[in-house]
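**Student:** Residue numbers (the numbering used here), protein chains in the order written: chain A, 1 to 362; chain B, 1001 to 1382.
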């Protein structure tokens, strides 16, 4: 049995239905990321689990027991928000120790627990600092330490990295999984940032319109999205989507017109012939070259827009189809200005096919 | 379209009851005809004041701004022949989207049919064709921003000024629209200056970027310059995502040989490596305290060959697979490095990993002043 279970929970506010029979199971020690656009019901879900809100229908179970009617503080759930607030008059040590003091733990154990988590989060050298003496990154770590120190049954983090600067965000994204592992924390982590979801989740629940569209591992979500909507939410630049109608040629090979070229669709396309489809190709699976290549689509290089450590190019085929391609940083291409002819080649082994009407992956 | 020159420009704000603030300090920039310039920095760095002085919405306290050869200090905003897209969109609520876009064209006596053609063209580029008949209040923030951009870009002007032009663009459109706008600016040889807090946006669009902090122009260079030759710690830390790894270090000497002792955040020694015995390495003299920097994607996983690479071994404490690439968190001693690796790299937690730090990718900054003292690429120059 899963450690945390949400069983067909529904919740409405007035006429607005926010959660629609939502179910979720989280194993002990697992980090599940709840990912979705704003207004999809993420925060409401956390509040139901915390006990701040009651569901209209459905139940929440923790460790094999229903917690319906159990007060928030008795559920053993810790919740941290976007703005981790620290007590300004207490030093970092006392801030972290405050949940332990509230539980009247012996002084030795308080010290030991605070030092252990402070070491793990690299703030052991600033424990005697007041919040105003801490950098933003240290404040972030201090408040995280406080929410973890008493070993909550379920730790819920509501978009904690949203308002921090890039450096802290990257560091914390890399450090949090280790912290969760060390503390065997069962974590629900809410974010609108797909990279955070891929980085932190053992599994990701894609929440849309009050229901989970798909719950799967990061690789599962990215490589095998259930439908076109999920595929479009992961990846920046986003996945290219081309309407196609594959046909079986006289040679038995399934082809389609893409960017004005007739291309063989690869081995997975046998059952697609005659069906209206959307072909999904992630930008990193489009290779651009100035030299012709077999299976290449002749394109015009419209613009080069470097993106972080990658180079993104916008390509335009003869029939005006636009194709985004991305590859590791390339300074020669990055300084290119003006149009050039080239060829785009799609890696059909990694391509996705969706039903044009339903959007479901085929 | 014309060149744009800022010659020792300063802006002093004096408000009753408040101490005077020098928001822009002696900024000089020479922008070529047809160049795309990004003004970046954190909030309050002076970038928006600079843009508003060019536009004519703020007086110029000191210095001269010229469009072409013509000083514009004394000209009213409307006389400068600049087009501007505002961060707050500033659309006319009672006019349809199409009339908002056509407004300045018609005011300048462009024939209606010609104006309609231009509106249609820019609407297609910015994906607003389907909302041309709507009124601004019924639009989403992202749509309003695209209309505001269309209204500025459709005009004929000497200089185009864009304030946070893409901050509200819908994520699924951003990559495509960025590229289309860049192509449009280049094809039409439009001299443009845009302000953004997002260095990613600036790197994507600009020919050259002006990095500002506390009213001072820190560096003005191409995206490649800023990444490979940052002039100080501020620029090094501000430009690039994930950000540059920066570690404290001190040079020590053993006889003639110098070593760089790299420390963790708490000042404990994490690892060390030799300083090449070359004239170019002179700034790394014995006892000097520096920050050593390397960008996450310049670190080589499992380096082979001999090359000018320093090898260090660390422990993988975290690994993120992001679909198109992977990020690793690696501890060497107690020092922490972020590494960007290929999507195929599998590095299990707690495994040992050997990393190559190529000399050409290292940057050294004085630990007191923050100024760059040496870029590793200079060490390898013959």
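For every residue, glycine included, the Cβ atom is placed at its ideal position computed from N, Cα and C.
Given the structure is predicted, the values throughout are model-derived calculations rather than measurements.
Which chain B residues are close to residue 28/A, counting only those with a beta carbon under 7 Å from its beta carbon?
**Tutor:** Looking up residue 28/A in the first chain gives position 28. Near residue 28/A there are no residues of chain B at all, since even the closest Cβ is about 18 Å away, more than 7 Å.
**Student:** Just verifying my parser: in three-state terms, what is the DSSP assignment at residue 12/A?
**Tutor:** For the purposes of this step, residue 12/A is taken as the residue at position 12 of the first chain. If DSSP states are grouped into helix, strand and coil, residue 12/A belongs with the strands.
**Student:** Can you confirm whether the segment 1282 to 1292 of chain B touches the segment 120 to 135 of chain A when touching is taken to mean that 3 or more C-beta pairs between the two stretches lie within less than 8 Å?
**Tutor:** Counting Cβ pairs under 8 Å, fewer than three are found: no touch.
**Student:** Pick helix, strand or coil for residue 116/A, following the three-state DSSP scheme.
**Tutor:** In the first chain, the residue the question calls residue 116/A occupies position 116. Here residue 116/A sits in helix by DSSP.
**Student:** Quick one, which residues of the segment 152 to 170 of chain A are near chain B if we go by CB-CB under 7 Å, in chain order?
**Tutor:** Here the close residues are 166, 167, 170.
**Student:** Run through DSSP, which three-state label would residue 1077/B get?
**Tutor:** Within the second chain, the letter at position 77 stands for residue 1077/B. Three-state result, residue 1077/B: helix.
**Student:** Take the Cβ of residue 35/A as the centre, count every other Cβ of all protein chains shown within 10 Å, and call the residue buried at 16 or more, exposed below.
**Tutor:** To locate residue 35/A, count along the first chain from 1; it is residue 35. Residue 35/A is buried by the Cβ-count criterion.
**Student:** Please decide whether residue 195/A counts as near chain B, where near means a Cβ-Cβ distance under 8 Å.
**Tutor:** As a working mapping, residue 195/A is identified with position 195 in the first chain. So yes, residue 195/A belongs to the interface.
**Student:** Run the CB neighbour count on residue 1253/B, radius 10 Å, all protein chains shown included, and call it buried at 16 or more, exposed below.
**Tutor:** In the second chain, the residue the question calls residue 1253/B occupies position 253. Flag for residue 1253/B reads exposed.
**Student:** Could you check what DSSP says for residue 1326/B in three-state terms: helix, strand or coil?
**Tutor:** Stepping through the second chain from its first residue, residue 1326/B is reached at position 326. It is a strand residue.
**Student:** Enumerate, from N- to C-terminal direction, the unbroken alpha helix (DSSP H) stretches of 4 or more residues contained entirely within the segment 1213 to 1296 of chain B.
**Tutor:** The segment 1213 to 1296 of chain B contains these whole alpha helix (DSSP H) runs: 1223 to 1228, 1233 to 1238.
**Student:** How far does the alpha helix (DSSP H) with residue 1180/B in it reach, from first residue to last?
**Tutor:** For the purposes of this step, residue 1180/B is taken as the residue at position 180 of the second chain. 1171 to 1187 is the extent of the alpha helix (DSSP H) around residue 1180/B.
**Student:** From the DSSP secondary-structure annotation, give me the bridge partner or partners of residue 346/A.
**Tutor:** Mapped onto the first chain, residue 346/A falls at position 346. Partner(s): 286/A.
**Student:** Would you check if the segment 234 to 241 of chain A and the segment 266 to 285 of chain A touch, i.e. whether three or more CB-CB distances between them fall below 8 Å?
**Tutor:** They touch, by the three-pair rule.
**Student:** Just to confirm my understanding: we take residue 1135/B, look at its own chain, exclude 5 residues before and 5 after, and list those with CB closer than 8 Å. What are they?
**Tutor:** Against the second chain, residue 1135/B aligns to sequence position 135. Cβ within range, chain order: 1093, 1094, 1095, 1096, 1097.
**Student:** Compute the beta-carbon to beta-carbon distance between residue 333/A and residue 1327/B, rounded to the nearest angstrom, for a pair I have assumed lies under 8 Å.
**Tutor:** Translated into the one-based positions of the first chain, residue 333/A becomes position 333. Translated into the one-based positions of the second chain, residue 1327/B becomes position 327. Between residue 1327/B and residue 333/A the Cβ distance is about 23 Å, and since that is not below 8 Å, they are no contact.
**Student:** On a CA-only basis, which of 1229/B, 1308/B, 1298/B is nearest residue 1364/B? Give me that one, please.
**Tutor:** As a working note, residue 1364/B is residue 364 in the second chain. Selected option, being the one with the closest Cα: 1229/B.
**Student:** With a CB to CB cut of under 6 Å and the five nearest residues on each side skipped, what residues in its chain are close to residue 141/A?
**Tutor:** For the purposes of this step, residue 141/A is taken as residue 141 along the first chain, with counting starting at 1. For residue 141/A, where only same-chain residues beyond five positions count, the Cβ hits under 6 Å are 121, 123.
**Student:** Which two residues bound the contiguous beta strand (DSSP E) that contains residue 322/A?
**Tutor:** Taking the first residue of the first chain as 1, we reach residue 322/A at position 322. Counting along the chain, the beta strand (DSSP E) containing residue 322/A begins and ends at 322 to 328.
**Student:** Please return the same chain residues whose Cβ sits closer than 6 Å to the Cβ of residue 147/A, not counting the five positions on each side in sequence.
**Tutor:** The residue labelled residue 147/A in the question sits at position 147 within the first chain. Around residue 147/A: 78, 80.
**Student:** By the three-class DSSP mapping on this structure, what secondary structure does residue 1013/B have?
**Tutor:** Along the second chain, read from residue 1 onward, the residue named residue 1013/B stands at position 13. If DSSP states are grouped into helix, strand and coil, residue 1013/B belongs with the strands.
**Student:** Would you list, in chain order, the members of the segment 228 to 250 of chain A that have their beta-carbon closer than 9 Å to a beta-carbon of chain B?
**Tutor:** For the segment 228 to 250 of chain A, which is checked against every Cβ of chain B, the residues closer than 9 Å are 232, 233, 234, 235, 236, 237, 238.
**Student:** Cα separation between residue 60/A and residue 229/A?
**Tutor:** The sequence position of residue 60/A within the first chain is 60, counting from 1. The sequence position of residue 229/A within the first chain is 229, counting from 1. Going from the Cα of residue 60/A to the Cα of residue 229/A covers about 28 Å.
**Student:** So which of 197/A, 166/A, 213/A, 178/A has the shortest CA-CA distance to residue 1237/B?
**Tutor:** Position 237 of the second chain, counted from the start, is the residue given in the question as residue 1237/B. With distances taken between Cα atoms, residue 1237/B lies closest to 166/A.
**Student:** Using the beta-carbon of each residue, which ones in chain B are nearer than 7 Å to residue 338/A?
**Tutor:** Taking the first chain and counting its residues from 1, one reaches residue 338/A at position 338. Correct list: 1186.
**Student:** Alpha carbon to alpha carbon, how far is residue 178/A from residue 186/A? Give it in angstroms, no decimals.
**Tutor:** On the first chain, position 186 is the one that residue 186/A refers to. On the first chain, position 178 is the one that residue 178/A refers to. Approximately 13 Å between the Cα atoms of the pair.
**Student:** Does DSSP classify residue 1026/B as helix, strand or coil?
**Tutor:** Residue numbering aside, residue 1026/B sits at position 26 when the second chain is read from its first letter. In the structure shown, residue 1026/B sits in a strand (DSSP, three-state: E or B).
**Student:** Are the beta-carbon atoms belonging to residue 159/A and residue 190/A less than 8 Å from one another?
**Tutor:** Against the first chain, residue 159/A aligns to sequence position 159. Against the first chain, residue 190/A aligns to sequence position 190. Yes, Cβ-Cβ distance for residue 159/A and residue 190/A is below 8 Å.
**Student:** Roughly how many whole angstroms lie between the Cα atoms of residue 1376/B and residue 1362/B?
**Tutor:** Your numbering for residue 1376/B matches position 376 in the second chain. Your numbering for residue 1362/B matches position 362 in the second chain. Rounded to whole angstroms, residue 1376/B to residue 1362/B spans 5 Å at the Cα level.
**Student:** By the criterion of Cβ-Cβ separation under 9 Å, what are the contact partners of residue 1265/B in chain A?
**Tutor:** By one-based count along the second chain, residue 1265/B stands at place 265. Within chain A, the residues near residue 1265/B are 122, 125.
**Student:** With respect to 7 Å, is the separation between the Cβ of residue 1365/B and the closest non-hydrogen atom of the ligand ZN below this value?
**Tutor:** Questions concerning the ligand ZN fall outside what the structure shown contains, since it holds no ligand whatsoever.
**Student:** From the DSSP secondary-structure annotation, give me the bridge partner or partners of residue 57/A.
**Tutor:** Taking the first residue of the first chain as 1, we reach residue 57/A at position 57. In DSSP, residue 57/A forms a bridge with 10/A.
**Student:** Between residue 287/A and residue 345/A, is the Cβ-Cβ spacing less than 8 Å?
**Tutor:** Against the first chain, residue 287/A aligns to sequence position 287. Against the first chain, residue 345/A aligns to sequence position 345. Result yes, Cβ atoms of residue 287/A and residue 345/A sit closer than 8 Å.
**Student:** Counting pairs of Cβ atoms below 8 Å between the segment 343 to 361 of chain A and the segment 294 to 302 of chain A, do you hit three or more?
**Tutor:** Cβ pair count under 8 Å is three or more, so yes.
**Student:** Okay, do the segment 1131 to 1151 of chain B and the segment 262 to 272 of chain A touch, 3+ Cβ pairs below 8 Å being the bar?
**Tutor:** No, the segment 1131 to 1151 of chain B does not touch the segment 262 to 272 of chain A.
**Student:** Compile a chain-ordered list of the residues in the segment 1204 to 1215 of chain B whose CB is closer than 9 Å to at least one CB of chain A.
**Tutor:** For the segment 1204 to 1215 of chain B, which is checked against every Cβ of chain A, the residues closer than 9 Å are 1204, 1205, 1207.
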